[in-house]
Amino acid sequence: MEVMRRAEGAARLGRWVLGERRIPTPCVMSWVFPGAPGGEVHVAPAWVRTSRRPLVVHHGVLRSTSLRGGGELGLLPQASARLSTFRGVVERWAEGVLALGEAHPESGVMLDGWHFPELWRRVAERFRSRCMLGIAHAGELCTKPRLLVTAVTGVRELASTGTVLYLPGVPPHFMPLLALMGVDVFDDAYAAGAALSGIYLSPAGEHHLRSLGELPCRCPECRSAGDGSRMSLRALLRHNIGVVRSMLAEVRAAMRQRRLCELAEAQANLSVEAKAALRVLYRERQDFLQRYHPVA
Ligand SMILES: [Zn+2]
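Heads up: the sequence shown begins at 6 in my numbering, then just goes up one per residue.
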């Protein structure tokens, strides 16, 4: 990707070159599944066939040494489906993905094994110049603020400037804080999961749809439902995804207006974990924040 402009901390406004397209970053990738609205850039598991473009193919969990093609960019497999996994599993993944990465030099890499820094660092160092590095289990990492800050700042420091940093499955109120740490790409997995659990996202926090009554948003889905009790799952999904896309538009605007820290602090107040992550970043990683955008 091309970095167009530096903002506060490690934040950067950029253009991600994918196939024929130039996508402004930070941005959201849209998972391809039934009922999901189309987006600017899509991501899908390797077994899904779709005509949506541009497409990033996610190869899931490491099982074999061959990958099927398709899409403009493939992401090499991660170690496991859960954050807490055995060291042996992470060691096998590190060996496997180091070999797989040699055979697929154009692929992006999903990093894993956050409890074993020497293993993820070894993989990240080898692939530091790849077009994309992803942080597996980022949604789970959001419940462990110190591990989250260590992983994101550590990978951003190792990665090349032109490497896109992708964090899947994170709640929207973490996004300004993560953009401040130099994250370029998010996805709508959290928004979709919340919809399936009947959770209505808003810039002011999360609500159980059925207890909401009048809907506080003016998007087409909310205007046509009017009341939480009349909103369908499909409408809730589209509304939630809209909230995430609006959050990223707000993040980009805040970066241009030099108020990203302000936005990150306001949104971090929505959860104890986000507040703790911001505190760890400010108190323990000032060196990281100053390195990319020194404040006189
Ligand atoms: Zn809405």
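Even glycine gets a Cβ: it sits at the ideal position worked out from N, Cα and C. Only a predicted model underlies this, so the values are computations on that prediction, with no experimental measurement involved.
Handout entry: Assumed close pair V37, H47 - CB separation to whole angstroms, cut-off 8 angstroms
Key = Your numbering for residue 37 matches position 32 in the sequence shown. Your numbering for residue 47 matches position 42 in the sequence shown. Confirmed, Cβ separation roughly 5 angstroms.
- Query: In its own chain, which residues sit with a C-beta less than 7 angstroms from the C-beta of R243, not counting the 5 before and 5 after it?
  - Reply: Walking along the sequence shown from the start, residue 243 turns up at place 238. So the list reads P42 and E226, once near-sequence residues are dropped.
Requested in this report: Would you tell me roughly how many angstroms separate the C-alpha atoms of A129 and R161, rounded to the nearest one?
Outcome: Position 124 of the sequence shown holds residue 129. Position 156 of the sequence shown holds residue 161. Computed Cα separation, rounded: 10 angstroms.
Ligand 1 heavy atoms versus the CB of L153: any closer than 8 angstroms? Along the sequence shown, read from residue 1 onward, the residue named residue 153 stands at position 148. Outside the cutoff, so no.
Alpha helix (DSSP H) segment containing W21, residue limits: Within the sequence shown, the letter at position 16 stands for residue 21. Element bounds for W21: not the alpha helix (DSSP H) but the beta strand (DSSP E), R17 to L23.
query = Would you call the CB atoms of L60 and L105 closer than 9 angstroms?
reply = As a first step, residue 60 is located in the sequence shown; it is residue number 55 there, counting from the start. As a first step, residue 105 is located in the sequence shown; it is residue number 100 there, counting from the start. Against a cut-off of 9 angstroms, the Cβ pair of L105 and L60 comes out as no contact.
Next on the checklist: Considering only heavy atoms of ligand 1, does any lie closer than 8 angstroms to the CB of L220?
Outcome noted: As a position in the sequence shown, residue 220 is number 215, starting the count at 1. Yes.
Taking 8 angstroms as the line, does the beta carbon of H213 fall inside it for any heavy atom of ligand 2?
Absence of ligand 2 is noted for the structure shown, with ligand 1 being the only ligands found.
Please name the residue, chosen from A108, L201, L78 and D117, that lies closest to R92 on a Cα-to-Cα basis.
-> As a first step, residue 92 must be located in the sequence shown, where it is residue number 87. Nearest option by C-alpha distance: D117.
- [ ] Would you list, in sequence order, the uninterrupted beta strand (DSSP E) runs of no fewer than 3 residues that lie entirely inside the region 151–206?
- [x] Fully enclosed beta strand (DSSP E) runs of 3 or longer: 169–171 and 190–192.
Q. Is it the case that the CB of R239 approaches a heavy atom of ligand 1 more closely than 8 angstroms?
A. Taking the sequence shown and counting its residues from 1, the one referred to as residue 239 is at position 234. No, Cβ of R239 sits at least 8 angstroms from all heavy atoms of ligand 1.
Using a threshold of 9 angstroms, state whether the C-beta atoms of G247 and C224 are closer than that.
-> Along the sequence shown, one-based indexing puts residue 247 at 242. Along the sequence shown, one-based indexing puts residue 224 at 219. Their beta carbons are under 9 angstroms apart, which means G247 touches C224 by this criterion.
_What would DSSP say about L67, mapped onto helix, strand or coil?_
As a working mapping, residue 67 is identified with position 62 in the sequence shown. It is coil, neither helix nor strand.
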